[in-house]
Structure formats: structure tokens, C-alpha cells
Amino acid sequence: MDVVWSTRYNTGIQLIDEQHKELFSTVNELRTSVQAGADRQVIEHLLDSLLRASARHFASEERFMGEHGYPDLAQHVAEHAAMLTSLKELQAKFLESHHSMAMMVPTFMEGWFKHHISDGDFGFVTFLKARGLV
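By our numbering, the letter at position 18 of the sequence shown is numbered 159, and the numbering carries on one by one without gaps.
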């Protein structure tokens, strides 16, 4: 089952929305590749891409939040750091036992996306809207 992008995840911030869509797409590509029995190198590349895209996205969000004085920035940064740590741990476990661990990544990311975008990112969007910035 794919991680499905929905308009309910639209933040109204074009860069953030594009990055969220990229992350959803990478997770879906990873899931499809694992289910199809793709080569280990393909999966490793996708995991690495997911990790890099996540780190890039988090840096964008954090920079944007910092520029606008978002009061919950520290909490948001902590959530990002925890997710990156979890993703790196899953990646390391994949290197030990590749196929079974690879399917855990899309499942983990799907749950994290749904929670983080709906709860965390929309708190920032509400903050920006109250100031007429979005």
C-alpha cells in the first residue's frame, strides 16, 4: 500500500509542499522496489536518498521557522532529530539484514508523515497564517 499524498497535507508553503511530495514519492519507490525484490544496491540507494531528502527538508523547515520566529521551533527540531536518528537506525539494520528491514522503512515513514505533517507542520502554518505570512 502506497503512502498517498493528499491535499489535506498541503501547507500552503510551496517549497515545503514540494519537499513533502518528494518524500512521499521516495517512500513509495522504496516500498515498490522492496516488494518487487529489487537489488540490494537499489534499496541502499533509495534509503540513502530518503535520508538525504529528509535532512534537506528538515533544514528547510527549520530555517523557515527560525526566520519567522516560530515559538515551537525547538520542539519541531527535536522531532526532526528523532526521526533522522530512527531512519539512520533502520538503515543500519538494513545493512545487516537487508530485505526484511527495508519494508519497515516505508511503514515507519508513512506513520511519521501522517503524524508530523498533520500535527507538527500545521502548527507552524497556523502560526504563519495568524501573522498574514501565508
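We put the beta carbon where it would ideally sit given N, CA and C, even for glycine.
query                                                                                                      : result
Residues near Pro247 in its chain [Cβ-Cβ closer than 6 angstroms; skip 5 each side]                        : Val168, Leu171, Arg172
Three-state class that DSSP yields for Trp146 in the structure shown                                       : coil
Residue environment, Met250, which counts as buried when at least 16 other CB atoms sit within 10 Å        : buried
Unbroken alpha helix (DSSP H) run spanning Asn189, endpoints                                               : The sequence as given places Asp at residue 189; Asn does not occur at that position. Residues 181-208.
Beta carbon of Ser195 nearer than 8 angstroms to that of Ile184                                            : no
Beta carbon of Gln160 nearer than 8 angstroms to that of Ser201                                            : yes
Residue from His256, Leu274, Glu220, Arg149 whose Cα sits closest to the Cα of Glu203                      : Glu220
Of the residues His256, Gly273, Ser147, Asn151, the one placed nearest Met224, counting alpha carbons only : His256
Beta-carbon proximity of Phe254 to Met206, cut-off 8 angstroms                                             : no
CB contact flag (Asp262, Thr148, <8 angstroms)                                                             : no
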